[in-house]
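In the working numbering, the protein residues as written are 352 to 396.
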């Protein structure tokens with residue numbers, strides 16, 4: 352199998368809006384939600 356024949360892996364979705372703007376922690380679940388590390392409210396863009 353050549354490099355061009357390999358399936359493309361990974362998650363195509365950008366998770367940037369799930370990142371807390373204050374501390375950089377990943378906030379899982381539906382937004383808006385409070386950051387688990389610093390309690391800042393993370394909202395979708």
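From the three backbone atoms N, C-alpha and C, an ideal C-beta is built for every residue, glycine too. Here the structure is a predicted model, which means the values were calculated and not measured.
With 16 other Cβ atoms within 10 Å as the buried cut-off, status of residue i
{"i": "residue 374", "result": "exposed"}
{"i": "residue 365", "result": "exposed"}
One or two residues paired with residue i in a DSSP bridge
{"i": "residue 378", "result": "Residue 378 is not bridged to any residue."}
{"i": "residue 364", "result": "BP columns for residue 364 are empty, so no partner."}
Pair within 9 Å by beta-carbon distance, residue i and residue j
{"i": "residue 368", "j": "residue 396", "result": "yes"}
{"i": "residue 383", "j": "residue 392", "result": "yes"}
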